[in-house]
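Structure follows, in structure tokens:
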């Protein structure tokens, strides 16, 4: 099968899943009465007097299928309701908050992948040696750490004990005012990137200082997973016939490990890294919450906590769609990386 | 049965997994003997609600009366972490139990009968797996309202699709086995073939995986409780106790680590509990990974 028709088929397969996702989200709103559902569209308190009019306008007392149709139409035209927490429409809150989340992901994902691959390879090459045992213990420890607790402990030490050294938030107050002033152009709303583009050293430094702890928290928790995956993938690859051949040819062990075994072992790691990025991009809820790092994860938590249902559901819908699309891209890239994947025939 | 014996033998050989098993045994003992280790005060009705001295907010350091100190709201930390062990097991067993049952029913229907039924069930799992787990769980608890019941339902909704898929995969393989073919040839009904021949062979790997997932369930439940979307206030729950500590990570000027016990102790219990299951699980994943040659 040709690549183009494969992509087409995958995109078509996406439609029932996305339809199901919207149906599910809409089904959740059916927990509420029409009156309560009308409040999801209320933007200020005075409108509460007009609930019957809102019910009328959005057809909230009509049969399920009709309502679903109306709702889907609204969603497709960009109306996800009003976010109480962000004081703006949900559809505007998401693009407003996503740069912060992207900033976390951009820093965390490369660290996780590089460190994970490095130690995973070493661990497999020295299977059952002290190095393998210690990386194993570190990995399992990282994997078992409650991320919220790790975050609190890090804050206790680096914000409390070393007073204010690595603070929570995204920027300190003076810098926050500075980036919103006329002299600073916000190209991307990703603070570090904007600081570089504006050639502003102090802002860059301040932004980095706020990034250290959240990025560390995310990395420690997720690194373990990549490390273990890389290790088992390496072990599988080291057991293959071509490794025996390579060794028999008299190649140096480092060449065998780094060139022959690792290249093949990387494939599952690359796939999982894609999912990892998708997961992080759709909001590192816990990390953002602990460090008051105001991205979409933090917003989603605020919304869930303050029962701002329109935001919660809008966010769930957004992250599911993003997740599905990134996974699709990963799968398509996969066919380029692994020549053994013959499209439509599976791995041979 | 053979699987369990094999597991036990591998367990003894590996010091790391042995440590995991020891941790789990300790927690089981704590859970069973909770009423003896941390007796409930006589005038206290529900033992799962932590007793409190007063409504005063500031945590109090460890003393003779409260050996781990008290957390925000004067809840006794020692009592909370001991009874919290029971809460952890309860949530884990209920969630895992129901998840496995749903997984077995839907997975075996999909795997055994195939065709349209399989297609429908698998597409439904696709929909659930499209959501990042925490976000799905948050949305559900927000809609259903805070409480342990919502938390458990949310976790079941998050977890069942993976089990349905796992069991379906096993059944698909087993369906082609000769003895299943033979039984069908002898005129056995579908129900009999599934219940007598297919399921018993598929169920052990599932149960092993489920028991090793208990750590992950508890970690997720703790995360939701920490976010304020789980246990009701005052319930003996490790996640919630960590949330109480959130306001106390920085002490007054001059004593930045003054409230360390409120932050540190509940988290250590979560960590050790999850660590126990993961140490065990990691060893077994190696043992059972069919891709790794047993050398």
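Protein chains in written order, with my numbering: chain H, 1 to 348; chain Y, 1 to 295.
Every residue gets a Cβ at the ideal spot worked out from N, C-alpha and C, and that includes glycine.
None of these values were measured; they are calculated from a predicted model.
Contact belief for residue i with residue j at Cβ below 8 Å, rounded distance in angstroms
{"i": "residue 231 of chain Y", "j": "residue 237 of chain Y", "result": "4 Å"}
{"i": "residue 239 of chain Y", "j": "residue 222 of chain Y", "result": "3 Å"}
{"i": "residue 56 of chain Y", "j": "residue 234 of chain Y", "result": "15 Å between Cβ atoms; not a contact."}
{"i": "residue 259 of chain Y", "j": "residue 77 of chain Y", "result": "Not confirmed; about 11 Å, so no contact."}
{"i": "residue 154 of chain H", "j": "residue 213 of chain H", "result": "5 Å"}
{"i": "residue 82 of chain H", "j": "residue 41 of chain H", "result": "6 Å"}
{"i": "residue 130 of chain Y", "j": "residue 320 of chain H", "result": "5 Å"}
{"i": "residue 30 of chain Y", "j": "residue 82 of chain Y", "result": "6 Å"}
{"i": "residue 132 of chain Y", "j": "residue 323 of chain H", "result": "6 Å"}
Local conformation of residue i per DSSP, three classes
{"i": "residue 76 of chain Y", "result": "strand"}
{"i": "residue 60 of chain Y", "result": "strand"}
{"i": "residue 346 of chain H", "result": "Unreliable placement is indicated for residue 346 of chain H, whose pLDDT of 41 sits below 50; the coordinate value is still reported in the next sentence. In the structure shown, residue 346 of chain H sits in a strand (DSSP, three-state: E or B)."}
{"i": "residue 291 of chain Y", "result": "Reliability of the predicted coordinates at residue 291 of chain Y is poor, the pLDDT of 49 falling under 50, and the value obtained from them is presented with this limitation in mind. Three-state DSSP puts residue 291 of chain Y in coil, outside helix and strand."}
{"i": "residue 83 of chain H", "result": "strand"}
{"i": "residue 335 of chain H", "result": "helix"}
{"i": "residue 42 of chain H", "result": "coil"}
{"i": "residue 173 of chain Y", "result": "helix"}
{"i": "residue 249 of chain H", "result": "coil"}
{"i": "residue 258 of chain Y", "result": "coil"}
{"i": "residue 184 of chain H", "result": "coil"}
{"i": "residue 191 of chain H", "result": "helix"}
{"i": "residue 228 of chain H", "result": "helix"}
{"i": "residue 29 of chain H", "result": "helix"}
{"i": "residue 314 of chain H", "result": "helix"}
{"i": "residue 306 of chain H", "result": "coil"}
{"i": "residue 288 of chain H", "result": "helix"}
{"i": "residue 206 of chain H", "result": "helix"}
{"i": "residue 128 of chain H", "result": "coil"}
{"i": "residue 28 of chain Y", "result": "helix"}
{"i": "residue 198 of chain H", "result": "coil"}
{"i": "residue 120 of chain Y", "result": "helix"}
{"i": "residue 206 of chain Y", "result": "helix"}
{"i": "residue 249 of chain Y", "result": "coil"}
{"i": "residue 8 of chain Y", "result": "helix"}
{"i": "residue 282 of chain Y", "result": "helix"}
{"i": "residue 351 of chain H", "result": "Nothing can be reported for residue 351 of chain H, as the shown portion of chain H is limited to 1 through 348."}
{"i": "residue 14 of chain Y", "result": "coil"}
Opposing strand residues paired with residue i [DSSP bridges]
{"i": "residue 235 of chain Y", "result": "Y:49"}
{"i": "residue 214 of chain H", "result": "Bridge partners of residue 214 of chain H: none, in fact."}
{"i": "residue 71 of chain Y", "result": "Y:75"}
{"i": "residue 88 of chain H", "result": "H:83"}
Contact set between residue i and chain H, taken where Cβ atoms lie within less than 8 Å
{"i": "residue 257 of chain Y", "result": "156, 160, 161"}
{"i": "residue 270 of chain Y", "result": "146, 149"}
Chain H contact residues for residue i, given Cβ-Cβ distances below 7 Å
{"i": "residue 132 of chain Y", "result": "279, 282, 319, 323"}
{"i": "residue 279 of chain Y", "result": "140"}
Partner residues on chain Y for residue i, Cβ-Cβ distance less than 9 Å
{"i": "residue 286 of chain H", "result": "134, 223, 226, 227"}
{"i": "residue 31 of chain H", "result": "143, 144"}
{"i": "residue 312 of chain H", "result": "135, 138, 139, 142, 143"}
{"i": "residue 165 of chain H", "result": "Ordered by position in chain Y, no residue passes the 9 Å Cβ test against residue 165 of chain H, which lies about 11 Å from the chain."}
{"i": "residue 301 of chain H", "result": "138, 227, 228, 229"}
{"i": "residue 315 of chain H", "result": "135, 138, 139"}
Within chain H, partners of residue i - CB distance below 9 Å
{"i": "residue 73 of chain Y", "result": "Near residue 73 of chain Y there are no residues of chain H at all, since even the closest Cβ is about 17 Å away, more than 9 Å."}
{"i": "residue 16 of chain Y", "result": "133, 136, 137, 140"}
{"i": "residue 282 of chain Y", "result": "136, 139, 140, 143, 228"}
{"i": "residue 274 of chain Y", "result": "143, 144, 145, 146"}
Residue i: contacting residues in chain Y (beta-carbon distance under 8 Å)
{"i": "residue 152 of chain H", "result": "242, 245, 246, 249, 263, 267"}
{"i": "residue 307 of chain H", "result": "142"}
{"i": "residue 289 of chain H", "result": "227"}
{"i": "residue 304 of chain H", "result": "138, 139, 141, 142, 227, 229"}
Problem - Within 8 Å of chain H by C-beta, residues of the stretch 111-127 of chain Y in sequence order - result: Residues of the stretch 111-127 of chain Y with a C-beta atom less than 8 Å from some C-beta of chain H are 123, 124, 126, 127, listed in chain order.
Exercise for the section: Identify each residue in the stretch 10-31 of chain H for which the Cβ-Cβ distance to at least one residue of chain Y is less than 7 Å, and report them in chain order. Expected result: 16, 17, 20, 21, 24, 28, 31
Exercise for the section: Determine which residues of the stretch 195-221 of chain Y have a Cβ less than 8 Å from any Cβ of chain H, and write them out in chain order. Expected result: 215, 219
Problem - Residues from the stretch 95-107 of chain H in contact with chain Y, defined by Cβ distance under 9 Å - result: none
Exercise for the section: Quick one: which residues of the stretch 199-211 of chain H get their C-beta closer than 8 Å to a C-beta of chain Y? List them in chain order. Expected result: none
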